[in-house]
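Engineer: Okay, handing you the structure first.
Encoded structure:
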């Protein structure tokens with residue numbers, strides 16, 4: 002539910018660009034700010050969830066996202082639109098770290114990859130449904146009528162209240178690590194995982210930002226934009242589910258090497274081939290699959306490094322890494338205005354190969370469930 006509302010923005014960028022007379026760089030700024038709001042606060046949210054309990058974060062986070070992000074079509078000005086995206090994004094930031102730690106439960110041993118993949122599958126599936134839901138709602142009620150989409154999200158949040166366990170995060174775990182200890186962990190394998198996650202997120206956000214604009218410039222319809230994004234995001238859902246099983250059964254460092262290496266040409270083809278061709282659709286699906294397949298091994302390894310702070314560990318390799326990726330969206334936005342959105346996507350995508358180099362580091366090698374040293 003939470004990620005579905007976050008997924009409203011990419012397919013509606015052309016309409017928002019027309020309404021507020023925005024350049025590609027300003028449109029990319031919207032994506033960047035939403036991504037920052039959903040990701041940058043995650044380590045802090047995870048730290049507090051580990052200390053005071055996860056239930057309020059898991060319930061009120063999605064409710065806030067639904068209530069506020071559904072108003073983006075109504076926003077009468079660019080400034081107010083930015084404010085809505087930031088506030089709505091904070092709801093997603095509150096939900097993801099405690100949600101991931103509740104789902105994964107690394108202290109229970111083998112199977113954490115599968116558990117995380119199920120959690121990630123739900124988020125990816127919601128993100129994949131978001132563009133279609135946004136486009137259907139706008140086609141029926143108009144851009145300003147997008148607010149009606151908040152209703153199911155609020156209802157689901159209310160229904161979940163009695164189902165989510167309360168209390169502290171886990172009475173068996175020691176006190177979460179202090180911020181200074183986290184900085185020490187970042188000098189070891191956690192820092193490598195952070196880098197891989199940031200690079201993967203940057204390429205993903207670049208595709209989600211530029212692809213709708215590329216299709217619009219090529220004369221594609223609103224439904225074609227929605228289809229391309231739904232295909233990419235739907236494949237991400239399948240990718241995370243598949244990777245969860247692999248995470249529990251093979252060397253996670255080697256898995257990341259293969260995924261980062263294959264994801265680079267897949268994204269280049271997804272940008273370059275006609276989006277309505279068979280090859281183009283296969284490339285879009287493959288790019289989405291490979292990109293999100295990186296998440297389970299990254300998050301599980303991060304939580305094994307900091308078992309006493311599973312939520313904050315998730316927040317670092319998801320939220321903090323995704324924030325860095327979001328800030329970097331200024332680059333493809335600027336390039337898009339300079340050389341066009343298609344060329345911009347092609348120029349920045351090869352940066353993902355740096356993730357392959359990071360994944361080759363010996364400290365990320367190990368058998369499933371073996372754990373990693375934090376130093």
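Residue numbers (the numbering used here): 2 to 376.
Quick reminder that beta carbons are idealized off the backbone N, C-alpha and C, glycines included.
Within its chain, find whatever has a CB closer than 6 angstroms to the CB of residue 125; leave out the 5 residues flanking it on each side and keep chain order.
Structural biologist: 237, 238, 241 and 293
Engineer: What first and last residue would you give for the alpha helix (DSSP H) that runs through residue 3?
Structural biologist: 3-7
Engineer: Please list the terminal residues of the continuous alpha helix (DSSP H) segment that includes residue 27.
Structural biologist: 25-40
Engineer: Assuming contact is defined by CB atoms lying nearer than 8 angstroms, are residue 291 and residue 260 in contact in what I supplied?
Structural biologist: Cβ distance < 8 angstroms, so residue 291 and residue 260 count as in contact.
Engineer: To which residues of the same chain is residue 20 closer than 8 angstroms at the C-beta, ignoring the five residues directly before and after it?
Structural biologist: 144
Engineer: Given a cut-off of 8 angstroms, decide if residue 6 and residue 67 are closer than it, judged by their beta-carbon atoms.
Structural biologist: In this structure, residue 67 places its C-beta atom within 8 angstroms of the C-beta atom of residue 6.
Engineer: Rounded to a whole number of angstroms, what is the C-alpha to C-alpha distance between residue 322 and residue 42?
Structural biologist: One alpha carbon belongs to residue 322, the other to residue 42, and they sit about 11 angstroms apart.
Engineer: Check the C-beta distance from residue 138 over to residue 147 and give it rounded, since I have them as a contact under 8 angstroms.
Structural biologist: 5 angstroms
Engineer: Restricting to Cα atoms, I'd like to know which of 86, 4 and 205 is closest to residue 295.
Structural biologist: 205
Engineer: Among 354, 343, 336 and 304, whose alpha-carbon lies nearest the alpha-carbon of residue 44?
Structural biologist: 304
Engineer: What is the C-beta distance between residue 207 and residue 93, in whole angstroms, given that I count them as a contact (C-beta under 8 angstroms)?
Structural biologist: Not really, about 19 angstroms apart at Cβ, beyond 8 angstroms.
Engineer: Looking only at its chain, what residues have a beta carbon closer than 7 angstroms to the beta carbon of residue 91, apart from the 5 residues adjacent to it on each side?
Structural biologist: 38, 42 and 65
Engineer: Would you say residue 40 and residue 320 are within 8 angstroms of each other, going by their C-beta atoms?
Structural biologist: yes
Engineer: Does DSSP put residue 352 in a helix, a strand or coil?
Structural biologist: In the structure shown, residue 352 sits in a helix (DSSP, three-state: H, G or I).
Engineer: Below 8 angstroms on the Cβ atoms is my guess for residue 26 versus residue 338; work out the distance and round it to an integer in Å.
Structural biologist: That belief holds up - the Cβ atoms of residue 26 and residue 338 are roughly 5 angstroms apart, short of 8 angstroms.
Engineer: How would you write the range of the alpha helix (DSSP H) that residue 259 sits in, first residue to last?
Structural biologist: Boundaries of the alpha helix (DSSP H) around residue 259: 253-273.
Engineer: Would you check if the distance between the CB atom of residue 318 and the CB atom of residue 194 is smaller than 8 angstroms?
Structural biologist: yes
Engineer: I'd like to know whether the C-beta atoms of residue 197 and residue 360 end up nearer to each other than 8 angstroms.
Structural biologist: Yes, these two residues count as a Cβ contact at 8 angstroms.
Engineer: Let me know the secondary structure DSSP gives residue 52 once reduced to three states.
Structural biologist: helix
Engineer: Tell me, to the nearest whole angstrom, how far the beta carbon of residue 86 is from that of residue 31; I am working on the premise that it is less than 8 angstroms.
Structural biologist: 6 angstroms
Engineer: Note down the Cα distance separating residue 314 from residue 358, rounded to an integer number of angstroms.
Structural biologist: Using only the alpha carbons, I get a separation of about 22 angstroms.
Engineer: To the nearest angstrom, how far is it from the Cα of residue 265 to the Cα of residue 256?
Structural biologist: 15 angstroms
Engineer: With H, G and I counted as helix, E and B as strand and the rest as coil, what does DSSP make of residue 11?
Structural biologist: DSSP places residue 11 in helix when its eight states are reduced to three.
Engineer: Hey, how far is the Cα of residue 287 from the Cα of residue 212?
Structural biologist: 15 angstroms
Engineer: Can you tell me whether residue 279 is helix, strand or coil according to DSSP?
Structural biologist: helix
Engineer: Quick check: the Cα distance between residue 216 and residue 275, rounded to an integer number of angstroms?
Structural biologist: 9 angstroms
Engineer: Taking Cβ positions, are residue 392 and residue 136 nearer each other than 8 angstroms?
Structural biologist: Residue 392 cannot be examined here, being either before or after the span of the chain that is shown, 2 to 376.
Engineer: Taking C-beta to C-beta, are residue 214 and residue 14 nearer than 8 angstroms?
Structural biologist: yes
Engineer: From 75, 149 and 350, pick the residue whose C-alpha is nearest to that of residue 267; which is it?
Structural biologist: 350
Engineer: Please classify residue 141 as buried or exposed, where buried requires at least 16 other C-beta atoms within 10 Å of its C-beta.
Structural biologist: Exposed.
Engineer: So, with DSSP's three-state summary, where would you put residue 170?
Structural biologist: Because the pLDDT of residue 170 is 45, which lies under 50, any placement of that residue in the model is unreliable, and the number read from its coordinates should be weighed accordingly. DSSP places residue 170 in coil when its eight states are reduced to three.
Engineer: Looking at the structure shown, is residue 220 part of a helix, part of a strand, or coil, going by DSSP?
Structural biologist: coil
Engineer: Classify residue 249 as helix, strand or coil using the three-state DSSP reduction.
Structural biologist: coil
Engineer: DSSP state of residue 165, grouped into three classes?
Structural biologist: coil
Engineer: Taking only runs of the beta strand (DSSP E) that begin and end inside the segment 123-152, which ones reach a length of at least 3 residues, in chain order?
Structural biologist: Whole beta strand (DSSP E) segments, 3+ residues: zero.
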